[in-house]
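The next block holds one structure in the form of structure tokens; read it before the comments.
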Amino acid sequence: MSEPAAPARALVAAVAGDRFAELPYRPTAAHRADEGDAPIGWPGYGAARALAARRSGESEAVVCGLGRVGGAEAVLIAFEFGFLGGSIGRAVGERIAGALITARELSLPVVSLIASGGSRVQEGMFALAQLQRIATQLVRLRAVGLPHLAVLAGPVTGGGWATLGAGADVRLALPGVQVGFAGARVRPPGADPAAYTAEAQAAIGQVDELVPPEDLGTAVARWLSLLTTPAAGPAPPPAALRSVAAPGTGWAAVELARDPSRPRADAYLRAYFTERVTLGCPDPGLRCGFGRHAGRAVAYVAQLGTATTPAGFRTATRLLRLADRLSVPVLTLVDTPGAANGAEAERDGVGSAIAESIMAVAAATIPVTTLVIGEGGSGGAVALTSPGRTWVTPDSYYAVVAPESAAALVKRGPEQVRATADQLRLRPEDLVELGVARGIVPVG
4 MSEPAAPARA LVAAVAGDRF AELPYRPTAA HRADEGDAPI GWPGYGAARA LAARRSGESE
64 AVVCGLGRVG GAEAVLIAFE FGFLGGSIGR AVGERIAGAL ITARELSLPV VSLIASGGSR
124 VQEGMFALAQ LQRIATQLVR LRAVGLPHLA VLAGPVTGGG WATLGAGADV RLALPGVQVG
184 FAGARVRPPG ADPAAYTAEA QAAIGQVDEL VPPEDLGTAV ARWLSLLTTP AAGPAPPPAA
244 LRSVAAPGTG WAAVELARDP SRPRADAYLR AYFTERVTLG CPDPGLRCGF GRHAGRAVAY
304 VAQLGTATTP AGFRTATRLL RLADRLSVPV LTLVDTPGAA NGAEAERDGV GSAIAESIMA
364 VAAATIPVTT LVIGEGGSGG AVALTSPGRT WVTPDSYYAV VAPESAAALV KRGPEQVRAT
424 ADQLRLRPED LVELGVARGI VPVG
């Protein structure tokens with residue numbers, strides 16, 4: 004069982020200190036007409052709201068304002084769980100929509116500090132309609148390239164999770180909080196409560212970072228800084244991390260790329276970035292996130308040398324599309340023998356996942372830079388490769404398919420694999436000569 008959510012103003016103070024100014028709330032004519040148990044005449048609703056106001060010290064279940072988080076000014080939306088469980092009714096929907104409009108007018112990022120049980124039952128369909136109102140403003144925020152970061156700070160269920168939470172560009176969560184579409188009182192009998200936690204959502208890539216309460220301000224400031232300070236122009240390719248002699252044969256290039264001592268993506272990321280944040284990804288063989296290079300933000304997708312899964316490609320697509328919206332250039336580090344091709348991958352839609360990743364690269368309006376740092380195997384590699392801005396390291400190869408598979412496809416025996424590797428023209432020098440790669444990066 005998670006701890007009770009902190010009050011809204013305590014959440015605001017955790018990320019913005021005392022640098023916060025509440026936005027004025029101007030209720031619509033329809034809401035001003037609400038009296039007593041309106042809007043649907045739920046018995047005792049007016050008295051319940053009055054009691055919630057006295058106990059929480061707030062006039063509604065959300066507090067909205069302008070705050071400074073680290074070096075960035077942002078619109079903050081903070082839920083007050085002590086006011087009817089942070090539930091979303093007409094007044095809450097109006098305030099959130101107004102805050103999102105303000106963010107768009109002022110060109111500011113949005114930070115939502117969420118502790119909400121979802122839609123307010125006592126307002127019936129008026130409450131459920133607020134999810135559509137909020138979603139409309141979130142779409143408009145995305146359309147102008149402004150980031151939205153959500154902090155899951157208390158129980159986050161129902162419409163609170165299905166709009167501001169799961170709909171955010173980046174999702175942080177306090178450890179142990181309840182997160183899921185179904186709240187505790189409406190789940191199927193016998194449902195495992197562990198499935199409805201921030202940790203469970205992080206395991207499937209729906210939460211990007213678990214942040215202890217004492218680190219919340221620092222984490223939010225770090226994310227906001229990286230989401231709002233894009234580098235100008237393409238990301239330069241990293242330097243190679245080891246010196247090797249040019250491979251004389253295709254098979255020699257394959258052996259260099261498969262060498263267990265070869266530098267991997269994590270080493271390249273450490274050398275390239277001074278700081279990084281990582282999006283949640285269920286594929287342990289993939290890293291996606293944002294980092295700081297030469298003082299500005301660059302997004303990255305990095306394969307770790309394994310077969311990339313459908314979930315991995317979907318995370319890469321999410322990163323590419325988010326970076327494109329935020330005008331952040333992207334660096335991809337390619338290193339995979341190919342895409343996962345087992346029965347489980349097929350059931351999980353590996354073909355469509357690859358297709359969406361290829362199209363995300365093709366559709367990107369920001370520059371995508373690719374460095375092949377090891378194996379560049381087939382569709383698993385091309386899905387993350389920039390068609391006009393690709394470099395290779397001296398210990399890499401790039402091929403239509405791995406030599407063993409190529410030999411099998413043309414009905415050759417295992418003894419012909421090495422000769423097939425030569426015929427594939429997969430060496431770094433071959434790739435430059437063929438125009439597939441712009442060049443071989445020098446050792447840094």
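The sequence shown runs 4 to 447 under our numbering.
Ideal placement from N, C-alpha and C gives every residue a C-beta, glycine not left out.
Quick caveat, the model's predicted, so the values are computed rather than measured.
Bridge pairing for C284: absent [DSSP]. Counting only residues of its own chain and dropping the five nearest sequence neighbours on each side, T368 has a CB closer than 7 Å to the CB of D327. The beta carbon of L437 sits closer than 8 Å to those of R428, all from its chain and outside the five residues before and after it, given in chain order. Out of L230, V223, P240, F129, the CA that lies nearest to the CA of S389 is found in P240. DSSP places L387 outside both helix and strand once states are collapsed to three, so it counts as coil. For A156, the closest alpha carbon among the candidates A17, G442, A132 is that of A17. The C-beta distance from Q125 to W45 rounds to 4 Å, short enough to meet the 8 Å contact threshold.
A102 and E407 have their C-alpha atoms roughly 57 Å apart. In this structure, E76 is the residue among P30, G60, E76 with its C-alpha nearest to the C-alpha of F23. Nearest neighbour of A384 by Cα position, chosen from V114, G315, D433, turns out to be G315. In the DSSP assignment, E61 falls outside any alpha helix (DSSP H) and carries neither an H nor an E. With fewer than 16 other beta carbons inside 10 angstroms of its own, L412 counts as exposed.
Here A100 has R136, I137, Q140 as same chain residues with Cβ atoms under 7 Å from its own Cβ, once five neighbours each way along the sequence are excluded.
When DSSP states are grouped into helix, strand and coil, A197 belongs to the helix group.
The continuous alpha helix (DSSP H) containing W254 extends over residues 253 to 260. With contacts defined as CB atoms closer than 9 Å, V395 and V444 qualify as a contacting pair. The stretch 98 to 148 contains, as complete beta strand (DSSP E) runs of 3+ residues, the segments 113 to 119 (chain order). Per DSSP, reduced to three states, the secondary structure at D338 is strand.
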